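A.B. asks: The following block contains the structure, expressed as structure tokens.
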Amino acid sequence: MTSLNDPRDKFYTGQFDKQKQPYPGVQKEMTQTPDCGEETYKGTGRLSGRKALVTGGDSGIGRGAAIAYAKEGADVAINYMKDEQADAEEVKKVIEEAGQKAHLFPGDLRDETFARQLIHDAAEALGGLDTLVLNASMQQAVENFSDYTSKHLEDTYKINVVTPVMQMQEAEKIMPAGSSIIITTSIQSFAPSAHIADYAMTKAAQTNLIKSQAKHFMEKGIRLNGVAPGPIWTPLQISGGQLQDYMPEFGHDSYVGRAGQPVELAGTYVHLASEESSYTSGQVYGVTGGEPIN
Ligand code: NAD
Ligand code: MG
């Protein structure tokens with residue numbers, strides 16, 4: 001039987017509660033829990049035998065990718081911050097229920113030694129590394145341009161730009177030909193909002209990095225692509241990523257008319273990791289709810 005759903009009301013269409021947690025936020029404690037595919041994603045063995053590391057894999061979009069990878073037959077390592085241990089344990093359980101191995105690597109990606117070593121530690125635990133999702137990011141909204149401090153800007157740039165470059169340097173030493181690196185960039189790379197200007201600049205940098213380095217990585221047979229999400233309901237939004245006044249209507253101005261759920265991106269992460277996309281590199285796929293990326 002064919003199942004056909006109208007995207008406009010396939011997931012939650014109501015208003016979101018105003019809610020505020022300290023960075024980095026815990027998904028378990030959100031009202032209106034994001035759907036990361038725990039029940040809704042069905043795998044068909046498309047990543048059988050693969051070995052994946054997902055940064056920020058405890059919650060939101062990264063959790064959606066990690067769960068889908070496991071349901072498609074991959075063993076998965078995730079990185080997250082220590083305060084997110086409860087979310088990470090939930091992901092581990094779902095991965096194991098899918099019959100795959102899960103490895104947890106808590107640690108702060110502002111620590112360059114940890115960030116670099118993570119690539120090697122994950123590869124050792126997994127018995128290799130062929131899929132790397134650089135998904136962790138910081139987004140902290142400000143009311144006014146004058147609110148930006150150099151510490152704020154440096155943290156955002158460190159986590160979103162500097163760290164992924166350092167980790168790609170480590171990854172290219174060990175990832176075999178046929179591997180895939182996927183960076184989570186954003187619609188903000190193409191259509192920036194004033195209150196998250198620093199974040200939008202880092203997302204533009206990520207998109208640029210994909211374009212500048214795809215050829216270099218292909219010299220080793222490694223594909224490098226990005227996913228540009230639109231407004232997706234995740235802990236990022238309730239831990240400082242959005243101003244509180246925007247929260248109830250979050251995502252309602254997308255063409256679909258509602259916020260996206262992490263599971264709605266999972267298939268794109270699977271596709272870009274799988275050999276079905278063997279001729280795709282240097283690209284950014286928009287999963288924006290309609291808004292064009294250009
Ligand atoms: P999320 O909060 O679930 O994921 C972000 C993760 O980043 C956190 O779980 C955390 O583990 C990790 N992280 C942040 N700072 C870290 C640090 N210092 N050290 C280690 N890990 C750290 O939110 P999300 O929305 O799923 O975000 C995932 C990605 O999606 C991010 O790159 C974000 O920029 C991107 N994105 C999100 C949206 C959206 O609307 N939610 C839109 C476009 C792009
Ligand atoms: Mg999290």
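Take 1 as the starting number for the sequence shown in UniProt numbering and just add one per residue.
For each residue, glycine too, the CB sits at the ideal point set by N, CA and C.
Bear in mind the structure is a predicted one, so any value in this text is a computation, not a measurement.
1) Tell me the DSSP secondary structure of residue 118 in three-state form.
2) Going along the chain, which unbroken runs of the beta strand (DSSP E) with 3 or more residues stay wholly within the segment 68-132?
3) Apart from the five residues on each side of it in sequence, which residues of its chain come closer than 7 angstroms, Cβ to Cβ, to residue 18?
4) Which value, in whole angstroms, describes the spacing of the CA atoms of residue 71 and residue 165?
5) Below 6 angstroms CB to CB, which residues in the same chain sit around residue 119 once its five sequence neighbours on both sides are set aside?
6) Ends of the beta strand (DSSP E) at residue 141?
7) Note down the Cα distance separating residue 98 from residue 45, rounded to an integer number of angstroms.
8) Considering only DSSP beta bridges, list what residue 63 is partnered with.
9) Is the distance from the Cβ of residue 282 to the Cβ of residue 224 below 8 angstroms?
10) Using a Cβ-based criterion (distance less than 7 angstroms to any ligand heavy atom), does residue 95 qualify as near the ligand NAD?
11) Going by the beta-carbon positions, is the gap between residue 180 and residue 53 smaller than 8 angstroms?
12) Comparing alpha-carbon positions, which option in 69, 284, 40 and 210 lies nearest residue 96?
13) Taking the straight line between their C-alpha atoms, what separation do you get for residue 238 and residue 25?
14) Less than 6 angstroms between C-beta atoms, sequence neighbours within five positions excluded: which residues of the same chain meet that for residue 136?
15) So residue 202 is in the alpha helix (DSSP H); what residue range does that whole segment cover?
16) Could you check whether the Cβ of residue 59 sits closer than 7 angstroms to any heavy atom belonging to the ligand MG?
17) For residue 62, I'd like the list of residues in its chain whose CB is within less than 6 angstroms of its CB, leaving aside the five on either flank, ordered along the chain.
18) Within 10 angstroms of its Cβ, does residue 186 collect 16 or more other Cβ (buried), or is it exposed?
C.D. replies: So, to answer that:
1) helix
2) 75-80 and 102-106
3) 244, 247 and 248
4) 29 angstroms
5) 167, 170 and 171
6) From DSSP, residue 141 is part of no beta strand (DSSP E); its letter is neither H nor E.
7) 11 angstroms
8) Residue 63 is not bridged to any residue.
9) yes
10) no
11) no
12) 69
13) 7 angstroms
14) 55, 56 and 109
15) 197-218
16) yes
17) 54, 56 and 135
18) buried
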